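Reading through the structure tokens given below for one structure.
In my numbering, the protein residues as written are 2 to 210.
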């Protein structure tokens with residue numbers, strides 16, 4: 002669980018509209034806006050290198066931040082969008098949404114697989130096939146999990162891991178109602194081919210009889 006909420010320091014942006022946004026970019030700043038809650042939208046900006054570092058660190062859009070803007074009260078926010086240059090794929094604008102700790106939001110949470118060395122199926126040459134590398138959950142803003150953990154200990158070839166096999170953080174639930182598949186331990190390709198050939202021979206023998 003993310004117990005410590007990281008700070009995100011931004012500045013108030015003078016003016017709104019395309020002109021003000023272009024001026025911010027010329028100053029090596031990325032323009033943004035904070036919306037939601039009981040307050041009016043606030044135009045902000047952040048140093049380009051600071052935002053780029055946050056984006057490269059990962060999980061920027063699934064992290065609850067404590068937004069600090071001079072002259073304004075601190076507020077918890079989450080990123081709802083980062084617009085990028087279509088050619089350079091670099092950030093050009095970002096949107097933050099104000100949240101209370103008890104707010105419910107939908108987020109994609111990454112899945113981590115542990116204890117592969119204790120997985121019987123993998124030891125026997127099986128392959129871990131990941132169907133969902135991340136799962137969309139409804140989570141509480143003040144209690145966003147960093148990841149979902151799947152323990153592969155004792156899993157055999159042919160085993161299928163469903164969302165019901167994963168311990169979810171308290172207060173969270175999947176956005177999909179059914180018991181969907183996260184991953185499976187499939188047979189190695191050589192073994193699959195041998196099985197297919199055996200099935201084919203059995204079918205031929207049955208037909209001959």
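Think of the CB as a built atom: it goes at the ideal place given N, C-alpha and C, for glycine as much as any other residue. If you're wondering where the values come from, they're calculated on a predicted model, not measured in any experiment.
Alpha helix (DSSP H) segment containing residue i, residue limits
i, result
"residue 69", "Element bounds for residue 69: not the alpha helix (DSSP H) but the beta strand (DSSP E), 65-70."
"residue 25", "18-27"
"residue 52", "49-58"
Residue i versus residue j - alpha carbon distance
i, j, result
"residue 21", "residue 13", "12 Å"
"residue 60", "residue 82", "12 Å"
"residue 154", "residue 63", "28 Å"
"residue 76", "residue 174", "25 Å"
"residue 115", "residue 150", "7 Å"
"residue 134", "residue 110", "9 Å"
"residue 31", "residue 136", "30 Å"
"residue 48", "residue 124", "48 Å"
"residue 44", "residue 167", "41 Å"
"residue 172", "residue 140", "7 Å"
"residue 69", "residue 119", "45 Å"
"residue 40", "residue 94", "20 Å"
"residue 105", "residue 96", "18 Å"
"residue 38", "residue 78", "10 Å"
"residue 57", "residue 187", "33 Å"
7 Å CB neighbourhood of residue i in its chain, flanking five on each side removed
i, result
"residue 1", "A query on residue 1 cannot be resolved here, the shown segment of the chain reaching from 2 to 210 and no further."
"residue 121", "155, 156, 157"
"residue 152", "115, 116"
"residue 161", "182, 185"
"residue 19", "none"
Assigned exposure category for residue i - 16 Cβ within 10 Å defines buried
i, result
"residue 156", "buried"
"residue 84", "exposed"
"residue 177", "exposed"
"residue 15", "exposed"
"residue 142", "buried"
"residue 112", "buried"
"residue 190", "exposed"
"residue 33", "buried"
"residue 25", "buried"
"residue 27", "exposed"
"residue 87", "exposed"
Other residues of its chain near residue i: CB distance less than 6 Å, five sequence neighbours each side excluded
i, result
"residue 131", "184"
"residue 170", "146"
"residue 6", "65, 67"
"residue 126", "189"
"residue 42", "34, 36"
Any non-hydrogen atom of the ligand COA closer than 7 Å to residue i Cβ
i, result
"residue 62", "Among the ligands in the structure shown, none appear at all, so the ligand COA cannot be discussed."
Close-in-space but distant-in-sequence residues of the same chain around residue i (CB under 8 Å, 5 per side omitted)
i, result
"residue 53", "91, 92"
"residue 29", "48, 49, 50"
"residue 148", "110, 111, 112, 113"
Where the beta strand (DSSP E) containing residue i begins and where it ends
i, result
"residue 79", "76-85"
"residue 152", "149-152"
"residue 1", "There is simply no residue 1 to check, as the chain begins at 2 and stops at 210 in what is shown."
"residue 163", "161-163"
"residue 178", "Segment: none, residue 178 is in no beta strand (DSSP E) and carries neither H nor E."
Within-8 Å CB hit, residue i to chain C
i, result
"residue 182", "Among the protein chains of the structure shown there is no chain C, as only one such chain exists."
Alpha helix (DSSP H) segments (min. 4 residues) lying fully within the segment 91-142: 121-124
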